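One structure is given here, and the rest of the page talks about it.
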Amino acid sequence: MPHSTPEERIAALRREIRHHDHLYYTKDRPEISDAEYDRLFRELVELETAHPDLLTSDSPTQRVGAPPLDELSKVPHEKPMLSLDSITDHEDVLAFDQRMKRELETGHIVYTAEPKFDGLSVELVYDQGRFVRGATRGDGRVGEDVTINLRTIRSLPLQLSGNAAPPSHLVVRGEVYMRLDEFQILNRRMTERGEEAFANPRNAAAGSLRQLDSRITASRPLTLTCYDIMALAGQAPATHWDELEALAAWGLPVPEHRRRCQSIEEVLSFQQDTDAMRDSLPFEIDGVVVKLDRRDWQDQLGSKSRSPRWAIAYKFAPRKEITVIQDIAVSVGRTGTLTPLALLKPVEVGGVTISRATLHNADEVARKDVRIGDTVKVERAGDVIPAIAERVPVPGESRQEPFVMPDHCPVCGSAVAREGAYFYCTGQTVCVAQLKGAIEHFASKSALNIEGLGKKTVAQLVEAGMVRDLADLYSLTKEQLLTLEGFADRSATLLMESIERSKAVSLERLLMGLGIRQVGQHIARVLAKQFGTLARLMAATQEEFLQVREIGPEISASLTSFFSEARNRDVIDRLIDRGLMVAPPETEATPASQSLAGKTFVFTGGLAGYSRDQAKQMVEQQGGLVSSSVSKKTSYVVAGTDPGSKLDQAQKLGVQILTEAEFTALVTPA
Ligand code: IVH
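Here the sequence shown stands for residues 33 to 702, where the numbers follow the numbering used here.
Pasting the structure below:
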């Protein structure tokens with residue numbers, strides 16, 4: 033070594049550093065200490081500084097980024113970068129196998145299965161073993177040139193190596209992503225600096241790679257895995273498995289966890305194993321990719337316009353995503369219940385951007401121990417309101433104080449009272465939030481059914497001070513309506529007519545419409561049948577309510593407290609004064625409809641308007657069945673608050689999921 037020329041020493045150092053980079057970033061198996069590595073690296077930097085003519089772009093020192101660009105230039109891909117068809121069901125995998133066998137006219141197919149990395153796809157071009165160009169996928173035909181940014185990724189070899197001589201020209205496809213721990217560290221750093229945190233690792237990776245300033249990319253911890261040879265000069269490997277081995281032999285990172293499967297059953301078990309390890313992997317994956325192993329068969333089947341026929345993405349069930357709680361707001365519901373709401377840094381969960389998630393109630397916030405500024409996992413299940421699944425502790429984070437419910441209503445300032453886990457505003461109709469909610473509910477389809485009185489109009493009426501309680505609706509004039517924005521002669525007339533029509537109402541609908549806590553449609557029906565008239569109901573004692581089947585202490589307490597309140601009795605009196613005519617209940621319910629015959633329901637989580645027994649009865653009355661476990665045969669899973677594993681099961685099996693409101697709509701004959 034003492035006699036080597038600077039040129040020889042530079043070459044030797046680069047070889048050595050590349051070797052250690054590969055061991056460290058790709059193999060995860062370093063052989064020298066960081067200090068030794070730094071020594072080698074510094075020596076190379078010094079030599080290159082002293083001999084700028086010997087500096088080349090593939091030197092390991094050139095991963096630090098270059099001055100910013102004005103824009104990323106476009107580059108056409110050598111071959112189109114296709115997408116993958118995706119499926120989510122076991123059966124679809126079997127169907128895929130059947131289709132392959134049919135089209136290839138064979139009974140035995142070998143597949144290679146590997147994880148589906150959740151990052152962004154890139155094309156890497158190597159000429160004479162040297163990394164010359166890299167691009168994002170773009171529209172599949174033309175991508176963005178991110179060569180200098182890609183150069184900063186440590187696991188991307190700038191020079192192919194290995195025992196096998198690399199081809200003179202090679203185009204590789206891979207995925208750039210960010211490890212979860214690195215993502216959290218990055219986000220913490222960004223927030224500390226007052227910059228906006230990334231919603232998830234995928235966004236962080238994309239944002240970091242598609243940078244005009246590659247020095248920023250260099251400071252971001254990106255990782256690469258390669259999974260496809262798009263083109264090469266010379267003999268291509270015969271199978272996908274060999275292709276991955278060849279890539280690895282040239283020093284490119286390939287999926288470590290992969291399996292060559294001798295049957296589709298092996299593919300399925302690989303998928304299960306991968307799903308099971310998903311949460312312990314240091315990076316995000318969103319499924320497995322199944323590929324025909326034989327490349328001649330791949331070529332024989334070819335591609336459709338957007339995706340190859342020989343591969344499929346078998347995606348995992350919708351996933352929880354990681355984001356940050358920016359604030360905790362408190363919303364006031366129709367009955368005054370205060371609900372803590374996490375305002376999130378917007379995040380895409382299963383294709384939907386989520387920026388808020390319910391925290392249900394104060395106990396839930398305490399149990400999950402989530403605070404403003406925390407990193408959390410949010411989950412979205414079908415149409416169910418997104419929820420915070422759990423907090424993700426970040427090592428070394430300094431956290432804010434625990435959240436406390438306000439003692440005054442954020443809408444009207446009235447005192448907040450507590451009932452178990454629930455906090456509610458005592459302001460009742462003084463509280464604009466409750467007043468609007470109460471009127472919307474009163475006018476809704478299953479209550480007074482006042483057509484044309486939707487959310488927007490209710491807000492206008494309340495804000496203009498025209499309606500201060502439910503009874504005020506019946507003293508509205510057409511002239512008043514005409515002063516509201518968006519009302520013209522015809523719309524005002526129509527609304528006046530539907531208000532007039534609503535005056536003839538059944539006891540059951542009125543009870544439902546009054547918005548008494550715990551009194552949903554079903555209980556309203558039970559009460560109407562039992563008491564027959566409003567007068568009798570209003571005179572009933574708590575004990576009398578308790579006598580009624582299905583009415584427990586909570587409902588009876590709620591009823592007595594509602595009817596003993598002067599303000600409520602006054603509203604009812606005024607409703608009657610203004611012409612509301614309450615019809616006695618129909619003696620026997622409409623002949624039992626069999627509209628749910630053949631349908632099976634499963635319930636998970638708590639329902640606000642019914643007990644489980646009531647819900648069951650409603651289903652059964654209409655010919656449906658209620659079961660306790662979810663299977664492929666289940667028609668609907670009704671997800672209430674805090675749904676359990678049955679919801680996950682439903683998603684996995686693709687069973688239709690209903691919210692409580694949807695369930696109500698389904699079991700309530702129009
Ligand atoms: S193969 C022609 N393999 O998934 C075949 N893609 O939904 C090209 N992806 O855009 C794709 N991991 O970005 C393949 N092991 C893997 C993958 C993978 C992630 C991405 C890729 C593609 C998307 C398709």
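We put the beta carbon where it would ideally sit given N, CA and C, even for glycine.
Please read these numbers as outputs of a predicted model, since none were measured by experiment.
Extent of the continuous alpha helix (DSSP H) run through Tyr-69:
That run of the alpha helix (DSSP H) goes 66 to 82.
Could you pull the DSSP bridge partners for Lys-711 from this structure?
The shown model of the chain, from 33 to 702, leaves out residue 711, and the question about it has no answer.
Through-space distance from Leu-607 to Ser-507, alpha-carbon basis:
10 Å
Measuring from the CB of Ser-538, is there a heavy atom of ligand 1 at a distance below 8 Å?
no
Alpha carbon to alpha carbon, what distance is there between Gln-681 and Gly-414?
In this prediction, Gly-414 has a pLDDT of 44, which is less than 50 and means its spatial position is unreliable; what the coordinates show is noted afterwards. Between Gly-414 and Gln-681, the C-alpha separation is close to 12 Å.
Ends of the alpha helix (DSSP H) at His-51?
38 to 53
Output the distance between the C-alpha atoms of Ala-237 and Leu-72, rounded to the nearest integer angstrom.
29 Å
For Gln-688 and Glu-48, the rounded distance between their alpha carbons
A direct Cα-Cα distance of roughly 58 Å separates Glu-48 from Gln-688.
Out of curiosity, what's the CA-to-CA distance linking Lys-684 and Thr-120?
8 Å
Under 8 Å: does the beta carbon of Ala-345 sit that close to some heavy atom of ligand 1?
At least one heavy atom of ligand 1 sits closer than 8 Å to the Cβ of Ala-345.
Return the residue from the list Gln-294, Glu-75, Arg-242 that minimises the CA-CA distance to Asp-129.
Ranked by Cα distance from Asp-129, the options Gln-294, Glu-75, Arg-242 are led by Gln-294.
N- and C-terminal bounds of the alpha helix (DSSP H) containing Ile-357
No alpha helix (DSSP H) contains Ile-357, which is instead part of the beta strand (DSSP E) from 353 to 364.
Please determine whether the Cβ atom of Val-178 lies at a distance below 8 Å from any heavy atom of ligand 1.
no
So does Lys-148 have its beta carbon nearer than 8 Å to some heavy atom of ligand 3?
Absence of ligand 3 from the depicted structure is noted, with ligand 1 being the only ligands included.
Using DSSP with H/G/I as helix, E/B as strand and the rest coil, what is His-289?
In the structure shown, His-289 sits in coil (DSSP, three-state: anything other than H, G, I, E or B).
Is the beta carbon of Leu-324 sitting closer than 9 Å to the one on Ala-343?
yes
Spell out a yes or no on whether the stretch 219 to 229 and the stretch 271 to 284 are touching, meaning 3 or more CB-CB pairs, one atom from each, closer than 8 Å.
no
Could you tell me whether the Cβ atoms of Val-499 and Ile-471 are closer together than 9 Å?
yes
Buried or exposed: which applies to Asp-85, given that a residue is buried once 16 or more other Cβ atoms fall within 10 Å of its Cβ?
exposed
Near ligand 1: Met-498 beta-carbon under 8 Å from a heavy atom:
Met-498 has its Cβ no nearer than 8 Å to any heavy atom of ligand 1.
Any heavy atom of ligand 1 closer than 8 Å to the CB of Arg-205?
Within the chosen limit of 8 Å, ligand 1 reaches the beta carbon of Arg-205 through at least one heavy atom.
Could you please give the first and the last residue of the uninterrupted beta strand (DSSP E) stretch that includes Val-410?
From DSSP, the beta strand (DSSP E) with Val-410 extends over 407 to 411.
Output needed for Ile-420: all residues of its chain with C-beta closer than 7 Å, excluding positions within five of it in sequence on either side, in chain order.
Ala-374, Ala-389, Leu-391, Lys-400, Val-402, Val-408, Val-410
Leaving out five residues on either side along the sequence, give the residues of the same chain with a beta carbon under 8 Å from the beta carbon of Val-658.
The residues are Thr-632, Phe-633, Val-634, Phe-635, Ala-647, Lys-648, Val-651, Glu-652.
What is the residue span of the alpha helix (DSSP H) that Gln-646 lies within?
644 to 653
Hey, Ser-538 and Val-603: beta-carbon distance below 9 Å or not?
no
Considering only their Cβ atoms, is the gap separating Leu-502 from Leu-513 smaller than 9 Å?
no
Helix, strand or coil for Met-309 per DSSP?
helix
Would you mind reading off the limits of the alpha helix (DSSP H) that contains Ile-248?
Run containing Ile-248: 246 to 250, per the alpha helix (DSSP H) assignment.
Other residues of its chain near Val-299: CB distance less than 6 Å, five sequence neighbours each side excluded:
Tyr-143, Ala-145, Cys-293, Val-322
If you count every other CB in all the chains shown that lies within 10 Å of the CB of Met-309, and 16 or more means buried, which is it?
Burial call: exposed.
Report the partner residues of Leu-373 according to the DSSP bridge assignment.
Ala-361, Thr-390
Tell me, please, which residues DSSP counts as bridged to Leu-152.
Val-208
Let me know the secondary structure DSSP gives Pro-340 once reduced to three states.
strand
Check this for me: beta carbons of Leu-370 and Pro-418, under 9 Å apart or not?
Their beta carbons are not under 9 Å apart, which means Leu-370 does not touch Pro-418 by this criterion.
Which of the three DSSP states, helix, strand or coil, is assigned to Phe-703?
The first residue shown for the chain is 33 and the last is 702, placing residue 703 beyond what the model contains.
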